[in-house]
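The sequence shown begins at 0 in numbering that gives the first Met the number 0 and counts up one residue at a time.
Backbone N, C-alpha and C fix where the C-beta goes; we use that ideal spot for every residue, glycine too.
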Amino acid sequence: MDRSPLRIATFNCKSIKRSMEDVRHLCRTCDVVCLQETWLLPHDIAYVGTIDSGFGYTATSAVDTSVAIVRGRAHGGVALLYRYGAFQKVSVIQCENPRICAIRITICDRPILIICVYMPTNSDDNLEEFINCLSAINAIIDEQGIQPAFVMGDFNADPGKLFYNELMNICNEQQWSCLDVDMLGLDSNTFTFISDVHGTTSWLDHCIATYSAKQSVIGVDIKYDTRWSDHYPLVIECDLTLLTPTILPVMVNVNKHIVWGARDKKQVDTYTKECNKRLENIEIPSDCVNCDYFCKSHDHRRVLDKFYSDIVTALRDAAVASRKNGREGSGPRVVGWNKHITDAHRLARCSFTEWVLYGKPKSGPIYHEMTKRRKIFKSRLKWCQDHQDQIKMDALAKKHGNGDFRGFWRDTSKMNIRPSLPVSVGGASDPKYIANIFKSHFCIKSQLGPTLEVHNADMNRKAVGISFLSEDIHRAIRQMARGKSPGHDGLSIEHLQHAGPHIYKILAVFYSLCVGHSYLPDDLMKTVVVPVVKNKTGNLADENNYRPISLATIMAKVFDGLLNAQLNKHVTLHDNQFGFRPQLSTESAILCLKHTVKYYTNRRTPVYACFLDLSKAFDLVVYDILWEKLRRVGLPQELINMFQYWYAHQTNSVRWAGAMSDPYRLECGVRQGGLTSPTLFNLYMDELIVALSRQHLGCHIDDVCVNNLSYADDMVLLSASICGMRSLIQTCEEYAGRHGLKYNVAKSQCMIFEAVGTICPQNIPPVFLSGVPLKMVGQVKYLGHVITTDLRDDADIERERRALSVRANMVARRFARCSAQVKMTLFRAFCTSLYTCSLWANYTKKKYSDLRVLYNNAFRMLLGLPRYCSASGMFADARIDCFHTTMRKRCASLVRRVRSSPNTVLKMIATRFDCCYLRHCCDRHLTVSVPERKL
């Protein structure tokens, strides 16, 4: 059905009563009107509904009349007006912030979120409130799970000023767009405010949109015919047919009784008993046990297929048997049914059955008893439906109080809203066709061309005799995390952990036979690939906005863990590789980078750094080269054969909206999500790190080479000269060419760290990568940590301050009805993990204090405490680490890990007294602030 474009206006009316005619004019031409500075008291809010009879409204007042007598005129206040007949459905969203109001509209079966906001005036004192409002808006968008969202209002963010720069930073991080600036341009002489006093103009009113919403905007206009306000309305026009419609995710067609889910103790005990009974009846194939290694018998392979099928069938049947007495139901699950409704439902059913047996009388005690119990049942059902959020919060509090933290965090993660699926992707709308689009997108071709069609196992080398014991299986199963999505067979790690002791013996025999025969059953290697959206507010119809998540069978995961344990016994990596290694982290790599740069710049030597980005590095690993590297490190041939067979015969199928794509196999690249994949990739890149470290080029400290630092595929090169940097880059290019890798020139960057007390040279020769000069930048985000040329940490503190504000607002909004104990647990989990805070050594007191104030206010907001209550007192009463304690603990942890690390680079840093980062950590650890209380 054709419809006219949707028009949305934002207007700072400076008293809605005075600007009544201007507002009514907007109502005649627009479908939604966002108003700021209505200047209404709480009891005057109903006045908004008298503006136009064809409009509904929601509004807030910025005045709290219960505090004191109001003197002078009221300030602030926001309102949203929406045309009744323009939308299928309109829902008002509770924002609990006087500066924000929001509605959810549905039009042409497409939900859209519209938020009206009025920001404080542009000043350093109000920056915290500005960031907090934007974080609250982000929490609303995330909670609603709607891709198209418009945020309109008076941001008091004039281009070039403090608030505008902060607004652009947050928009870049969240991938939002400032529509009016993007479409009109900063050089368009646009303004939305003119000062009545000075006659100066400013661009204060804006429209922020998510990527999905931006695609529908066809026009932006400023209405300069306003008479009463010093602001001018900003109007956007949207063609909603350009929005991608969405559908709810389709549930996977797997027997719900097999999936582990939530099981009580009785069901778990029944499952263990049933498993033992079935597993004991499985016959171990004696013919396969007694045959030689590298057996090629196809009969034995069929026996292994049956052996695997018997194990999986036993686990699946036991899972069904332990759930057979569970409550059945085909309808949607009602929150609180078992606790509040089940008894009333049972009594109502009994009364109804009795009433039917008596011939359905219209009066009498039987009839009245039936209607009474039916009324009780319906009232309880309605109460549960109306109080779902509160029931969920009470359940969280109960599990937290009972010490069931595994269940607590499982239910907490379930509260995240699953994004809807777009109706079409890449121009296709059929689910199977979309799944095949993702199949083509996720299937990567090697840069070196096609490799061998089938990787044949080498049966000629002498066998070592690899076998697994039940203790190995028990250790591997115990170390695996729970709560992961099952594979195509519906089995997860919980099925093995509760299967009883007999499962370890069975699996030890099965995996040992698989290694001896260089064979794995096809069902074990089947993998389901699920596309997961990267940016929930981005373009859902673009396949590039999705990344693959592979759901392997649990039997494959356990076997992968066993192979990884064997792999780690033979693979020794260079110490300049920090990725996916025990006792090392991104923080370790960042510390090494900053210490090396500081070491040189303090000695009046500039440092040239090149941050290299590999395109889809994990997906471009060439198998023939990888197998040769495994032979060089001395991995037993049986294990190499297993890797070859697995990678040559694994089949993947993309699942989308319940449909499966055509199966496909990997042509290159390590298995996504595999336990052995990080180790295999690190081995694939290790020769490059060794080659760079052997060159007498770049940065060295105490005979330790630090001219390259890597975290998996993220590498940074460090040199004191341009010539040295060019040689290092040439080594990287040559290695990438031989190994089928490709550098992303657009994302690779160069930076020059200025020497202390010297002037950086102005005419710096360019650095080339793949024949293209790299961009010189003054700031880069390396492993999530912001690094600047002067090594100051103010920018990174600002990054963490914005991130903390977003996390705090999200927790406060989503768990507002939780108990205080639950909120404190969530605060510890989400708000005390300040990323790389132990590496902050050079910053201004103001930036550091701003983060501390935000940390304190986040706790006050979450627990509903007064804004100016004692920070040290509230943390001491709650027995939660205050900001200074959190920082000291993080610093002490870093110092302890560096001093105890066997890594050569970290050992070098630990032995130097001039490492300002460790010295600053020690000083901070020993310093106790005066107002702080000891917990």
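Strand pairing of residue i, partner residues [DSSP]
i: Pro772; result: Phe767
i: His230; result: Phe192
i: Tyr56; result: Leu80
i: Val89; result: Ile104
i: Phe610; result: Val715, Gln748
i: Ala427; result: Val424
i: Leu34; result: Phe10, Ala78
i: Gln576; result: Ser709
i: Glu236; result: Arg6, Gly218
i: Val22; result: DSSP output for Val22 lists no bridge partner at all.
i: Met392; result: DSSP lists no partner for Met392.
Coil, strand or helix - residue i by DSSP
i: Ala45; result: helix
i: Ala148; result: strand
i: His951; result: Outside the shown range of the chain, which is 0 to 934, sits residue 951, and nothing can be said about it.
i: Thr936; result: Any property of residue 936 remains undetermined from this structure, which presents the chain solely from 0 to 934.
i: Ser720; result: coil
i: Tyr742; result: strand
i: Leu5; result: strand
i: Ser378; result: helix
i: Met113; result: Reading off the sequence shown, one finds Ile at residue 113, where the question assumed Met. Here Ile113 sits in strand by DSSP.
i: Arg98; result: coil
i: Thr370; result: helix
i: Pro865; result: coil
i: Cys914; result: coil
i: Arg546; result: strand
i: Asn563; result: helix
i: Ile443; result: coil
i: Arg932; result: No answer about Arg932 holds up, because its pLDDT of 36 lies below 50 and its placement is not dependable.
i: Ala540; result: coil
i: Ile492; result: helix
i: Pro364; result: helix
i: His784; result: strand
i: Thr526; result: strand
i: Val531; result: strand
Nearest-angstrom beta carbon gap, residue j and residue i [assumed within contact, 8 angstroms]
i: Thr600; j: Glu797; result: At roughly 23 angstroms, the Cβ-Cβ gap does not stay under 8 angstroms, so Thr600 and Glu797 are not in contact.
i: Leu25; j: Ala78; result: Actually they do not touch by this definition, with Cβ atoms about 12 angstroms apart.
i: Phe376; j: Ala394; result: Actually they do not touch by this definition, with Cβ atoms about 21 angstroms apart.
i: Leu80; j: Tyr56; result: 5 angstroms
i: Val529; j: Arg670; result: 15 angstroms between Cβ atoms; not a contact.
Backbone CA spacing between residue i and residue j [nearest angstrom]
i: Val424; j: Met182; result: 26 angstroms
i: Asp574; j: Leu905; result: 9 angstroms
i: Ser804; j: Lys398; result: 27 angstroms
i: Trp259; j: Ser491; result: 7 angstroms
i: Arg629; j: Ile106; result: The question names Arg, yet the displayed sequence has Leu at residue 629. Computed Cα separation, rounded: 58 angstroms.
i: Phe579; j: Val766; result: 30 angstroms
i: Leu624; j: His738; result: Checking the sequence shown, residue 624 turns out to be Ile, not Leu. So the two alpha carbons sit approximately 7 angstroms from each other.
i: Thr571; j: Asp522; result: 33 angstroms
i: Arg932; j: Arg851; result: Because the pLDDT at Arg932 is just 36, under 50, the model does not fix this residue reliably, and the point stays unresolved.
i: Leu314; j: Gly486; result: 14 angstroms
i: Lys483; j: Ile548; result: 12 angstroms
i: Asp876; j: Phe129; result: 29 angstroms
i: Lys305; j: Leu278; result: 14 angstroms
i: Gly325; j: Ile502; result: With a pLDDT of only 48 at Gly325, under the threshold of 50, the placement of this residue in the model should not be trusted; the figure read from the coordinates follows. So the alpha carbons of these two residues sit roughly 25 angstroms apart.
i: Phe858; j: Phe826; result: 7 angstroms
i: Met458; j: His648; result: For Met458, the predicted model reports a pLDDT of 49, less than 50, meaning its position is unreliable; a value from the coordinates is still stated below. For Met458 and His648, the distance between alpha carbons rounds to 17 angstroms.
i: Lys160; j: Tyr710; result: 37 angstroms
i: Val596; j: Cys915; result: 11 angstroms
i: Tyr223; j: Gly657; result: 52 angstroms
i: Cys817; j: Gln389; result: 8 angstroms
i: Leu380; j: Thr341; result: 10 angstroms
Is the segment 878 to 897 touching the segment 581 to 591 in the sense that three or more CB pairs, one from each, lie closer than 8 angstroms?
-> With a cut-off of 8 angstroms, the segment 878 to 897 and the segment 581 to 591 count as touching, because enough Cβ pairs lie within range.
Touching by the beta-carbon criterion (3+ pairs, under 8 angstroms), the segment 163 to 175 and the segment 832 to 843 | Contact between the segment 163 to 175 and the segment 832 to 843 is absent, because fewer than three Cβ pairs lie under 8 angstroms.
Okay, do the segment 804 to 822 and the segment 896 to 916 touch, 3+ Cβ pairs below 8 angstroms being the bar?
-> Cβ pair count under 8 angstroms is below three, so no.
Is there contact here, the segment 434 to 449 with the segment 556 to 566, by at least three beta-carbon pairs under 8 angstroms?
-> Taking a contact to require three or more Cβ pairs closer than 8 angstroms, the segment 434 to 449 and the segment 556 to 566 do not qualify as touching.
Flag this pair as touching only if the segment 732 to 752 and the segment 549 to 556 have three or more C-beta atom pairs under 8 angstroms; answer yes or no.
-> Not touching, per the Cβ criterion.
The segment 866 to 886 / the segment 605 to 621 touching (three or more Cβ pairs under 8 angstroms) = Under the 8 angstroms Cβ criterion, the segment 866 to 886 does not count as touching the segment 605 to 621, having fewer than three qualifying pairs.
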